[in-house]
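Protein chains in written order, with the numbering used here: chain A, 2 to 238; chain B, 2 to 238.
Step one of this worksheet: look at the structure below.
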């Protein structure tokens, strides 16, 4: 498949590298490719410059949001939540109509410092905002409830755990489910919550996720809904 | 121990019955005991009149919030979130100072219909509001992330799952932990998130809890943080 991953941060890079390793044709979209490639700084959280990562992943191309979206059969929103609507607007609705968008972003709000809050929250969600703003997109909110290394390698967390699906388009959720299986998520690890409105629930996991990270001192954990399936539903364990 | 359970709904009754069965001296607090006992209706969710429940639990007494608080060594807030501050105000701060309060309530906001939202949310929590309003109380937010039948009988959900603790007083959290053990929660099933501020995280689990209830069609489920402890941490399984 032809994928456009929107966003050049650690989440976008991790997903792009995984998709590339699975043989997909991957373009990363950014606002200004020349500016992205010119950056040399490492972020405070230790994420190095994009150009160095690009050298290690020569098959993955970098282009504008619009070029990436035009190229793709399926898109992944890995921009920061605050930038997502602008990124998709730049991608151009004409390049989005009818396509599946996996929305893995969270609308983190750092205006009150760390840990961030959410905006929107409770009465709305980023997933719903994107679906309303781009009604031709088939939005599936997924993978936004865990660290990006767990997204593409669920085996990092021993035992059963869940990835959620929220979306209004059953076919798009089927596409998402197949991609998740290719990442190593078993059938019983994928929990379909219902329509895109249920993205409110998964985005609101972020506050406890951040506090769990603080309490546990690592990010190799994930939510498991105990009682969601029969015993032994996860891969026969 | 002498317990005051504030709130006569299904959560308060379930916790009071469990505490009574464990040999504790339990008083349920309500605004107007005569009015509570006079009610004859069954709620739309099937909760029968308090008086009928009272007959089945003759050792548990019903009294005003203030009398219940005066009686107790330890309090449980099982009122509706919107009524909690008023209930504790009626209980009288003089009867609260120095005591442990287990806050199992959630600030559900039904103003936009079902499923309810939360108020406060994200930038504050009910647990923090209570701690601020009654600085002499030693508030521990706990048990608010599951159905009340699971609270007092964690074995209803097969396998490992978690109950969270949030609070600023280490001794009060120890008291809470001991009570949870007496309910059947093993040591490894109790996850201390930190200060009362972390109640924001657990209260914000309610939106996905409500949507999971819808997707799964039952309430015998709970959150398990996979990766929070070593394998087999839960009771040797």
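Glycine included, C-beta positions come from ideal geometry on N, C-alpha and C.
Residue i bridges to which residues according to DSSP?
i	result
residue 178/B	In DSSP, residue 178/B forms no bridge with anything.
residue 19/B	Paired residue(s): none; residue 19/B is not in a bridge.
residue 100/B	Note: residue 100/B sits in no beta bridge, so no partner.
residue 193/B	166/B
residue 65/B	31/B
According to DSSP, is residue i helix, strand or coil?
i	result
residue 1/B	Beyond the ends of chain B as shown, which are 2 and 238, falls residue 1/B; an answer cannot be given.
residue 225/B	strand
residue 90/A	helix
residue 233/A	Here the model assigns residue 233/A a pLDDT of 43, short of 50, so the residue's position is not dependable, and the following value carries that caveat. In this structure, residue 233/A counts as coil in the three-state DSSP scheme.
residue 106/B	coil
residue 165/A	strand
residue 5/B	strand
residue 85/B	helix
residue 212/B	helix
residue 76/A	strand
residue 30/B	strand
residue 139/A	strand
residue 119/B	strand
residue 282/A	Within the shown structure, residues of chain A are numbered from 2 to 238, placing residue 282/A beyond reach of any answer.
residue 112/A	coil
residue 218/B	coil
residue 60/B	coil
residue 238/A	Confidence in residue 238/A is poor, its pLDDT being 33 and thus under 50, which makes the residue's placement unreliable; the coordinate value appears in the next sentence. In this structure, residue 238/A counts as coil in the three-state DSSP scheme.
residue 186/A	coil
residue 255/A	The displayed coordinates of chain A run from 2 to 238. Any statement about residue 255/A would go beyond what the structure contains.
Using CA coordinates, which residue listed in the options is at the minimum distance from residue i?
i	options	result
residue 44/B	10/B, 64/B, 62/B	10/B
residue 51/A	41/A, 60/A, 12/A	41/A
residue 15/A	34/A, 75/A, 120/A, 58/A	58/A
residue 68/A	56/A, 5/A, 124/A, 178/A	5/A
residue 65/B	87/B, 56/B, 47/B, 193/B	87/B
residue 102/A	143/A, 209/A, 153/A, 122/A	143/A
residue 122/A	205/A, 28/A, 81/A, 230/A	205/A
residue 56/B	91/B, 96/B, 18/B	18/B
residue 95/B	108/B, 28/B, 137/B	137/B
residue 8/A	188/A, 82/A, 160/A	82/A
residue 72/A	62/A, 79/A, 80/A	62/A
residue 127/B	33/B, 100/B, 178/B, 145/B	145/B
residue 2/B	32/B, 161/B, 74/B	74/B
residue 139/A	116/A, 167/A, 173/A	173/A
residue 168/B	178/B, 148/B, 161/B	178/B
Classify residue i: buried if its beta carbon has 16 or more other beta carbons within 10 angstroms, exposed otherwise.
i	result
residue 198/A	buried
residue 104/A	buried
residue 25/A	buried
residue 155/B	buried
residue 163/A	buried
residue 165/B	buried
residue 225/B	buried
residue 60/A	exposed
residue 218/B	exposed
residue 202/B	buried
residue 98/A	exposed
residue 53/A	exposed
residue 175/B	exposed
residue 114/A	exposed
residue 229/A	buried
residue 47/B	exposed
residue 35/A	exposed
residue 112/A	exposed
residue 223/A	buried
At least one CB of chain D closer than 7 Å to the CB of residue i: is that the case?
i	result
residue 189/B	You won't find chain D in this structure, because its protein chains are A and B.
* Got a sec: which bits of the region 199–231 of chain A sit with their beta carbon under 7 Å from any beta carbon on chain B, in order along the chain? -> The region 199–231 of chain A vs chain B, Cβ under 7 Å: 199, 201, 202, 203, 205, 206, 208, 209, 212, 213, 215, 216, 217, 221, 222, 223, 224, 225, 226, 227, 228, 229.
* **Residues in the region 153–168 of chain A having any Cβ partner in chain B nearer than 9 Å** => Cβ contacts with chain B: 157, 158, 159, 160, 161, 162, 163, 165, 167.
* To do: Could you please tell me which residues of the region 89–122 of chain A, in chain order, have their CB closer than 7 Å to any CB of chain B?
  => Only 113, 118, 119, 122 from the region 89–122 of chain A bring a Cβ to less than 7 Å from some Cβ of chain B.
* Asked: What residues in the region 10–30 of chain B have a beta carbon less than 9 Å from any beta carbon of chain A?
  -> Per Cβ criterion, the list is empty.
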